[in-house]
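A quick write-up on the structure given underneath.
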Amino acid sequence: MTLRLAFLGTPDFAVPTLAELLAQGHEIVAVYSQPPRPKGRGLALEKGAVHKFAETAGLEVRTPLSLKGADEQAAFAALDLDAAVVVAYGLLLPKPILDAPRMGCFNLHGSLLPRWRGAAPIQRAVMAGDSETGVMVMRMDEGLDTGPVLMAEKLAIGRQTSGELAARLARLGADLMVRALGGLERGAITAQPQSAEGVSYAKKISKDEARIDWSKSATEIDCLIRGLAPSPGAFTEVKGERLKILFAEPAPGNGAAGEMIGDDLTIACGTGALRLLKLQRAGGKAMAADELLKGFALPRGTRFS
């Protein structure tokens, strides 16, 4: 059955769900997205991925700074929605917004709730060394990712970066949301309350967290690197230059923490060692280790701080 929907989302992660809802024939009467933000050296305003996709698809796009005002809430209610779909929108929805659609508001969240409620669930799962994660569709309430769950899908993390994992979860989540809405409309799904146990919060990534502490174990640093790749990127400093590390792998060897113990960019950690495989110099592009070494001499014994 075709549903009358509003879609609320901003980054790349949300685009597959919007595309799948359109492909399934649902009527998207309005798309809400974060306002364009200054970006790059020129600080030109840039639209989010959802905003760009929605305009290409000929959809109405709204970019309010807040949904707390009476006028914005009245405009949302006037859409006469069956449901609203929310994917990484970036604004909390007040009760009048949550209550406006006939079926409710439904969020696609990139974790296995109640673990990693909040802003950065995919990155936090990788950084913590979790073995699996997933996506869940939940009916939204006034809490922070506390609503009852309709459907879920799990996915093994392995050695994926958060960027790779997000892309897979976005595709999985798009299908999940379509199935959840269909099941809900047919009366075939009953939302289940989240467990009161195992609650954790995925706060936004701070700049300080991205600095690599080589006194930590190779396992911890590897999780940090993969969790922050491709953005904002874990970083270290060497020869007075900041260097982003985008991928590494465990390697044999030992030495003082932060010391380069091999000609192939193997760095000793507090426990174990890591071979750096993909790096990015300040203002440059991401490149393989051997390519970087051609233009940036780092002999054995170099110290990374």
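With our numbering applied, the sequence shown covers 631 to 935. Just so it is clear, CB atoms sit at the ideal spot from N, CA and C, and this is done for glycine as well. These numbers were taken from a predicted model, which means no experiment stands behind them.
Neighbour-count burial assignment, residue i, 16 or more Cβ in a 10 Å radius
{"i": "Asn737", "result": "buried"}
{"i": "Arg671", "result": "exposed"}
{"i": "Arg745", "result": "buried"}
{"i": "Pro646", "result": "buried"}
{"i": "Gly913", "result": "exposed"}
{"i": "Phe731", "result": "Per the sequence shown, residue 731 should be read as Pro rather than Phe. The residue is buried, with at least 16 neighbouring Cβ atoms inside 10 Å."}
{"i": "Glu657", "result": "exposed"}
{"i": "Ser836", "result": "exposed"}
{"i": "Thr686", "result": "exposed"}
{"i": "Pro929", "result": "exposed"}
{"i": "Arg856", "result": "buried"}
{"i": "Ser825", "result": "exposed"}
{"i": "Pro668", "result": "exposed"}
{"i": "Ser792", "result": "buried"}
{"i": "Leu673", "result": "exposed"}
{"i": "Gly925", "result": "exposed"}
{"i": "Leu675", "result": "exposed"}
{"i": "Asp712", "result": "buried"}
{"i": "Pro751", "result": "buried"}
Residue i in three-state terms, based on DSSP
{"i": "His739", "result": "strand"}
{"i": "Ser847", "result": "strand"}
{"i": "Arg754", "result": "helix"}
{"i": "Gly748", "result": "strand"}
{"i": "Lys784", "result": "strand"}
{"i": "Ala730", "result": "coil"}
{"i": "Leu652", "result": "helix"}
{"i": "Arg585", "result": "With the chain running from 631 to 935 in the structure shown, residue 585 is simply not present."}
{"i": "Arg789", "result": "coil"}
{"i": "Leu802", "result": "helix"}
{"i": "Glu762", "result": "strand"}
{"i": "Gln822", "result": "strand"}
{"i": "Ala707", "result": "helix"}
{"i": "Ala832", "result": "strand"}
{"i": "Arg930", "result": "coil"}
{"i": "Ala713", "result": "strand"}
{"i": "Ala644", "result": "helix"}
Short CB-CB distance (under 8 Å) between residue i and chain B
{"i": "Leu814", "result": "Within the model displayed, chain B is absent; a lone protein chain is all it includes."}
Cross-strand partners of residue i (DSSP beta bridge)
{"i": "Met890", "result": "Ile897"}
{"i": "Pro668", "result": "Leu675"}
{"i": "Ile658", "result": "Leu635"}
{"i": "Ile875", "result": "Ala864, Leu909"}
{"i": "Val767", "result": "Leu738, Met781"}
{"i": "Pro882", "result": "In DSSP, Pro882 forms no bridge with anything."}
{"i": "Met917", "result": "Leu909"}
{"i": "Leu904", "result": "Pro880, Ile897"}
{"i": "Arg692", "result": "Tyr662"}
Selected residue, minimal CA-CA separation from residue i, among the options
{"i": "Thr632", "options": "Pro929, Gly914, Val808, Ile842", "result": "Val808"}
{"i": "Tyr662", "options": "Gln822, Leu689, Ile851", "result": "Leu689"}
{"i": "Gly720", "options": "Leu774, Gly788, Leu742", "result": "Leu774"}
{"i": "Glu850", "options": "Ser861, Gly759, Pro666", "result": "Gly759"}
{"i": "Gln753", "options": "Gln790, Thr776, Glu772", "result": "Gln790"}
{"i": "Val691", "options": "Lys698, Lys677, Gly699", "result": "Lys677"}
{"i": "Ser935", "options": "Gly883, Ala818, Ala864", "result": "Ala864"}
{"i": "Thr901", "options": "Leu907, Gly888, Arg911, Gly892", "result": "Gly888"}
{"i": "Leu742", "options": "Leu711, Pro778, Glu772", "result": "Pro778"}
{"i": "Asp852", "options": "Leu638, Met757, Lys725", "result": "Met757"}
{"i": "Glu879", "options": "Ala700, Ala903, Gly892", "result": "Ala903"}
{"i": "Gln703", "options": "Ala674, Phe683, Pro724", "result": "Pro724"}
{"i": "Glu794", "options": "Leu858, Asp838, Ala848", "result": "Leu858"}
{"i": "Ala718", "options": "His739, Leu806, Leu711, Pro666", "result": "His739"}
{"i": "Ala804", "options": "Ala782, Ala821, Ala674, Ile819", "result": "Ala782"}
{"i": "Ala810", "options": "Ala821, Ala898, Ser847", "result": "Ala821"}
{"i": "Asp893", "options": "Met770, Glu650, Asp920", "result": "Asp920"}
{"i": "Thr640", "options": "Gly885, Lys682, Ala674, Phe706", "result": "Lys682"}
{"i": "Leu909", "options": "Leu873, Cys899, Asn884, Ala714", "result": "Leu873"}
{"i": "Lys869", "options": "Arg801, Met770, Arg911, Thr763", "result": "Arg911"}
{"i": "Leu799", "options": "Gly817, Met766, Ser830", "result": "Met766"}
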